[in-house]
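Chemist: The structure's right below; bear with me while I get my questions together.
There are 2 protein chains.
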Amino acid sequence: MRVPFDTLKAQIAAIFTTWGMSAEHARLCAERMGAADIRGIDSHGATMMQLYSEQFAAGQINVKPNIRILRESPVTALIDADHSLGHVPATQAMELAIAKCKKTGLAAVAVKQSNHYGSAGAYALMAAEAGLIGMSFTSVWHPVVVPTFAAEPMFGTNPIAFAAPGRKHPMFYLDMATSTAAVGKLKVALLNGKTVPEGWALDAAGKPLTDPAVALEKVLLTPLGASRTMGSHKGYGLGAMVEVLCSMLPGAWYAPTRDARHPGEIHNNIGHFFLAIDPHAFRDEGEFEDDLDDMIAALHATRPIDAKQPVLVAGDPEQTAMKDRLANGVPVPDMLIGQLKAIATQSKAPWLIG
Amino acid sequence: MRVPFDTLKAQIAAIFTTWGMSAEHARLCAERMGAADIRGIDSHGATMMQLYSEQFAAGQINVKPNIRILRESPVTALIDADHSLGHVPATQAMELAIAKCKKTGLAAVAVKQSNHYGSAGAYALMAAEAGLIGMSFTSVWHPVVVPTFAAEPMFGTNPIAFAAPGRKHPMFYLDMATSTAAVGKLKVALLNGKTVPEGWALDAAGKPLTDPAVALEKVLLTPLGASRTMGSHKGYGLGAMVEVLCSMLPGAWYAPTRDARHPGEIHNNIGHFFLAIDPHAFRDEGEFEDDLDDMIAALHATRPIDAKQPVLVAGDPEQTAMKDRLANGVPVPDMLIGQLKAIATQSKAPWLIG
């Protein structure tokens, strides 16, 4: 089923509103979730409602948060999200970073006491749409990624997102987990009755698991690189870097030590980190954008191994999906329609999808 | 042969001095190269003298550069390296970023018209030693990494370095190429008569090469992830991100389009990008460092797959190497001794290694 983009966002906002969220906060959440859905990042948009609904029921999400700036300078800020759903403080954080960066050329804003914020890319995107280079990182409440040589998970999929504005090409847009594959890919394989490639998931003895049902029982994902030989220590290092920026820097909690250090806490205290860089602090008007266009054009013109599969640039698949979905609506699988309908019914939200 | 650390640095500085470099610039280059050698990053210290010697002979390295700040704000700067060897402007850039960051909480400095700057980590390290989070990136003059689906190289090994200060643990220190393996690893395999793992290097048809001699004829390294299935689009995306920060942002040249856009130029115009973040802009004194120690301790305590191979943290191997090498000297293979001696003889530099 194809759902018009505005209808999907309105449906999501309507559910959040019945939970008690302000209209403005509900709109921000729907906008950021929609930024994923419209670009084909199906794992981080409307599909997240199920988790948010469970976390809301468990009292982990504060729908009437008092989001405050705890510290601030002309180029930095620390925001306390007061256990809000992450999209609200993350949007405010990137808006603040953009405003500061427009004045100073550079800004960094960190967030603590937050929850899941959707796709990391949605915030990097905001900066690029404002003509800036944007970066967005988040830690995760539940460890699933094993360090190299380890039998236990010690990080979330700790993503890195980076967006930069072009001129002929709208932007360079990278949004990646620092694991080899995301949990969502195991679920997709399970739903389709397929195995997963060796190296995505391991058992506690470090052996590759290819049956997604087994791999999902206790999720142990490899860091990008998959094995020590193929560079998993690099993916592990990047995941740890994201943790330092998102947990240690704002004072959020490191999930593996959370229960021991903060016993009895129902909140996750997830952290995010945002960076904005103004190309005009370094280059004259248009120079950065033209040079970025030049690189993107060169990459598109790169001789491919197979003429049928041209070389892509980060952001290309998202652009293709967006063009299709703006015109034809967002494809929403029946299972997700069912989930959304159940959540809407339970929260007495109007059903707008029809 | 083990060479005392100070002797190795003095030897390197002596060669640079005979090339015409000022004593101060020669010292900076030797310090930054030494920062790699003392930590066991053997590919990026004294071994680089051979390349620098060739580039100096080809007129690509200006040993009497007029390094200038082209643009500056309280939190940003753009430096023109005037074709200097990269260690000099890169050190000055990170020193400037550190000084700005100590005042403002955050700073970014970009460099253009530069050359090879040694190990990316050497500059991130400077920030962490000053109590700051440091990041260091560089583009490379010669493309060797193929994008996903591509038959031609379009990036260098475009490294990412990140260092953050701890208290009980000296620091978290990540220094990684965004390729699966570095060119140096192919050379080491060749010298040792070994094959390389499938997935490090490809032929122009995208087939894995395991004979390092063949792989070194025309180097086509995979991005971190090695194949599309295992996430090479992520390593490719990270390499492109580094290129945007190091080439497009400062106005350096993108190597694959350099000859077409700047015909007849002998200079490479490599760019670097440095970022410094002051944890005290976000946390009270010691809080960040304690939380970082907590993460590092948790990682060290992670249950390993094999009790004989404990879980390591980025920076551990470098710490181990540094302890050994400070006490016992830097191991310098005979072949490298021969190269250094030839370069010293040719430049009429004194031979200090003995």
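Chains as they are written, first to last, in numbering that gives the first Met the number 0: chain D, 0 to 353; chain Y, 0 to 353.
Note that the Cβ used here is the ideal one computed from N, Cα and C, for glycine as well.
Identify the contact partners of residue 163 (chain Y) in chain D, using a Cβ-Cβ distance below 7 angstroms as the criterion.
Modeler: As a position in the second sequence, residue 163 (chain Y) is number 164, starting the count at 1. 243, listed in chain order.
Chemist: So which residues of chain Y does residue 286 (chain D) contact, with C-beta pairs closer than 7 angstroms?
Modeler: One-based indexing of the first sequence puts residue 286 (chain D) at position 287. Result: 250.
Chemist: Could you name the residues that DSSP lists as bridge partners for residue 111 (chain D)?
Modeler: If you number the first sequence from 1, residue 111 (chain D) lands on position 112. DSSP, once it has assigned bridges, lists D:79 as partnering residue 111 (chain D).
Chemist: Hey, is the region 77–91 of chain Y in contact with the region 291–305 of chain D, meaning 3+ C-beta pairs nearer than 8 angstroms?
Modeler: Not touching, per the Cβ criterion.
Chemist: Starting from residue 162 (chain D), trace the alpha helix (DSSP H) both ways and give me its first and last residue.
Modeler: Here residue 162 (chain D) refers to the residue found at position 163 of the first sequence. Where residue 162 (chain D) is concerned, there is no enclosing alpha helix (DSSP H), although the beta strand (DSSP E) it sits in stretches over 159–164.
Chemist: Within the region 102–155 of chain Y, note down every full beta strand (DSSP E) run reaching 3 residues or more, in order along the chain.
Modeler: Taking only runs of at least 3 residues, the beta strand (DSSP E) segments lying wholly in the region 102–155 of chain Y are 105–113, 132–137.
Chemist: Could you tell me the boundaries of the beta strand (DSSP E) in which residue 276 (chain D) lies?
Modeler: For the purposes of this step, residue 276 (chain D) is taken as the residue at position 277 of the first sequence. Unbroken beta strand (DSSP E) run through residue 276 (chain D): 269–276.
Chemist: Helix, strand or coil: which one does DSSP assign to residue 178 (chain D)?
Modeler: As a first step, residue 178 (chain D) is located in the first sequence; it is residue number 179 there, counting from the start. Here residue 178 (chain D) sits in strand by DSSP.
Chemist: If the cut is a Cβ gap below 7 angstroms, which residues of chain D does residue 208 (chain Y) touch?
Modeler: Here residue 208 (chain Y) is taken as the residue at index 209 of the second sequence, counted from 1. Residues of chain D passing the Cβ test: none, with the nearest at roughly 14 angstroms.
Chemist: Would you mind telling me which residues of chain D sit closer than 8 angstroms to residue 256 (chain Y), beta carbon to beta carbon, in chain order?
Modeler: On the second sequence, residue 256 (chain Y) is found 257 positions in, with the first residue counted as 1. Neighbours of residue 256 (chain Y) on chain D, chain order: 293, 294, 297.
Chemist: Measure the Cβ-Cβ separation of residue 231 (chain D) and residue 147 (chain D) and say whether it is below 8 angstroms.
Modeler: Reading the first sequence from its first residue, position 232 is the one you call residue 231 (chain D). Reading the first sequence from its first residue, position 148 is the one you call residue 147 (chain D). Cβ distance < 8 angstroms, so residue 231 (chain D) and residue 147 (chain D) count as in contact.
Chemist: Measuring only between beta-carbons, confirm whether residue 200 (chain D) sits less than 8 angstroms from chain Y.
Modeler: Here the question's residue 200 (chain D) lines up with position 201 in the first sequence. Output row for residue 200 (chain D): interface = no.
Chemist: At the level of alpha carbons, what is the spacing between residue 166 (chain Y) and residue 285 (chain Y)?
Modeler: In the second sequence, the residue the question calls residue 166 (chain Y) occupies position 167. In the second sequence, the residue the question calls residue 285 (chain Y) occupies position 286. Rounded to whole angstroms, residue 166 (chain Y) to residue 285 (chain Y) spans 8 angstroms at the Cα level.
Chemist: Between residue 299 (chain Y) and residue 311 (chain Y), what straight-line distance do the alpha-carbon atoms span, to the nearest angstrom?
Modeler: Taking the first residue of the second sequence as position 1, residue 299 (chain Y) is located at position 300. Taking the first residue of the second sequence as position 1, residue 311 (chain Y) is located at position 312. Roughly 6 angstroms separates the two Cα atoms.
Chemist: Less than 8 angstroms between C-beta atoms, sequence neighbours within five positions excluded: which residues of the same chain meet that for residue 344 (chain D)?
Modeler: Position 345 of the first sequence, counted from the first residue, corresponds to residue 344 (chain D). Closer than 8 angstroms at the Cβ level, and outside the excluded window around residue 344 (chain D), lie 350.
Chemist: Contact criterion: CB-CB distance below 8 angstroms. Does residue 169 (chain Y) meet it with respect to chain D?
Modeler: As a working note, residue 169 (chain Y) is residue 170 in the second sequence. It does not: the Cβ of residue 169 (chain Y) has no partner Cβ on chain D nearer than 8 angstroms.
Chemist: Take every Cβ of the region 113–124 of chain Y, pair it with every Cβ of the region 160–179 of chain Y, and state whether three or more of those distances are shorter than 8 angstroms.
Modeler: Taking 8 angstroms as the limit for Cβ pairs, the verdict is that the region 160–179 of chain Y does touch the region 113–124 of chain Y.
Chemist: Could you work out which residues of chain Y lie near residue 175 (chain D), taking near to mean beta carbons separated by less than 9 angstroms?
Modeler: As a first step, residue 175 (chain D) must be located in the first sequence, where it is residue number 176. Under the 9 angstroms cutoff, chain Y gives 230, 232, 233, 236, 237.
Chemist: Starting from residue 342 (chain D), follow the alpha helix (DSSP H) in both directions and report where the run begins and ends.
Modeler: In the first sequence, counting from the first residue as 1, residue 342 (chain D) sits at position 343. Residue 342 (chain D) -> alpha helix (DSSP H) spans 333–345.
Chemist: I'd like the list of long-range same chain contacts for residue 88 (chain Y), defined as Cβ closer than 6 angstroms, with 5 residues on each side in sequence excluded.
Modeler: Reading the second sequence from its first residue, position 89 is the one you call residue 88 (chain Y). 66, 78, 80, 110, 113.
Chemist: At least one CB of chain B closer than 8 angstroms to the CB of residue 127 (chain Y): is that the case?
Modeler: Absent here is chain B; the protein component of the structure consists of chains D and Y.
Chemist: Mapping the DSSP letters down to three states, classify residue 51 (chain D) as helix, strand or coil.
Modeler: Taking the first residue of the first sequence as 1, we reach residue 51 (chain D) at position 52. In the structure shown, residue 51 (chain D) sits in a helix (DSSP, three-state: H, G or I).
Chemist: Just how far apart, CA to CA, sit residue 340 (chain Y) and residue 99 (chain Y)?
Modeler: On the second sequence, position 341 is the one that residue 340 (chain Y) refers to. On the second sequence, position 100 is the one that residue 99 (chain Y) refers to. About 41 angstroms.
Chemist: Name, please, each residue of chain D whose Cβ falls closer than 9 angstroms to the Cβ of residue 77 (chain Y).
Modeler: In the second sequence, the residue the question calls residue 77 (chain Y) occupies position 78. Those are 280, 281, 282, listed as they occur along chain D.
Chemist: Would you report the Cα separation of residue 115 (chain D) and residue 140 (chain D), rounded to the nearest angstrom?
Modeler: Your numbering for residue 115 (chain D) matches position 116 in the first sequence. Your numbering for residue 140 (chain D) matches position 141 in the first sequence. Looking at the two C-alpha atoms, the distance is approximately 8 angstroms.
Chemist: Using a Cβ-Cβ distance cut-off of 8 angstroms, determine whether residue 148 (chain D) contacts chain Y.
Modeler: Within the first sequence, numbered from 1, the residue matching residue 148 (chain D) stands at position 149. Yes, residue 148 (chain D) lies at the interface with chain Y (some Cβ there is under 8 angstroms from its Cβ).
Chemist: Tell me which same chain residues have a C-beta within less than 7 angstroms of the C-beta of residue 261 (chain Y), skipping the five on either side of it?
Modeler: As a first step, residue 261 (chain Y) is located in the second sequence; it is residue number 262 there, counting from the start. Hits under 7 angstroms: 252.
Chemist: Look up residue 284 (chain Y) in the DSSP assignment and say whether it is helix, strand or coil.
Modeler: Here residue 284 (chain Y) corresponds to residue number 285 of the second sequence, with the count starting at 1. Three-state result, residue 284 (chain Y): coil.
Chemist: Within 10 angstroms of its Cβ, does residue 157 (chain D) collect 16 or more other Cβ (buried), or is it exposed?
Modeler: For the purposes of this step, residue 157 (chain D) is taken as the residue at position 158 of the first sequence. That one is buried.
Chemist: Is the beta carbon of residue 138 (chain Y) less than 8 angstroms from the beta carbon of residue 174 (chain Y)?
Modeler: As a first step, residue 138 (chain Y) is located in the second sequence; it is residue number 139 there, counting from the start. As a first step, residue 174 (chain Y) is located in the second sequence; it is residue number 175 there, counting from the start. No. Outside cutoff.
Chemist: Under the rule that 16 or more other beta-carbon atoms within 10 Å means buried, what is residue 277 (chain Y), buried or exposed?
Modeler: Against the second sequence, residue 277 (chain Y) aligns to sequence position 278. Label assigned to residue 277 (chain Y): buried.
Chemist: Let me know the secondary structure DSSP gives residue 313 (chain Y) once reduced to three states.
Modeler: Walking along the second sequence from the start, residue 313 (chain Y) turns up at place 314. Looking at residue 313 (chain Y) - three-state DSSP - the assignment turns out to be coil, as it is neither helix nor strand.
Chemist: Quick one: Cα of residue 189 (chain Y) to Cα of residue 7 (chain D), how far?
Modeler: Within the second sequence, the letter at position 190 stands for residue 189 (chain Y). Within the first sequence, the letter at position 8 stands for residue 7 (chain D). Between residue 189 (chain Y) and residue 7 (chain D), the C-alpha separation is close to 57 angstroms.
Chemist: Who are the neighbours of residue 332 (chain Y) on chain D, taking C-beta pairs under 9 angstroms?
Modeler: Mapped onto the second sequence, residue 332 (chain Y) falls at position 333. By Cβ distance, chain D contributes nothing, its closest Cβ being about 24 angstroms from residue 332 (chain Y), past 9 angstroms.
Chemist: Please check if any C-beta of chain D sits within less than 8 angstroms of the C-beta of residue 151 (chain Y).
Modeler: Looking up residue 151 (chain Y) in the second sequence gives position 152. Closer than 8 angstroms: yes.
Chemist: Which bits of chain D does residue 74 (chain Y) rub up against, with CB to CB less than 9 angstroms?
Modeler: The residue labelled residue 74 (chain Y) in the question sits at position 75 within the second sequence. Chain D residues near residue 74 (chain Y): 73, 74, 103, 104, 105, 106, 280.
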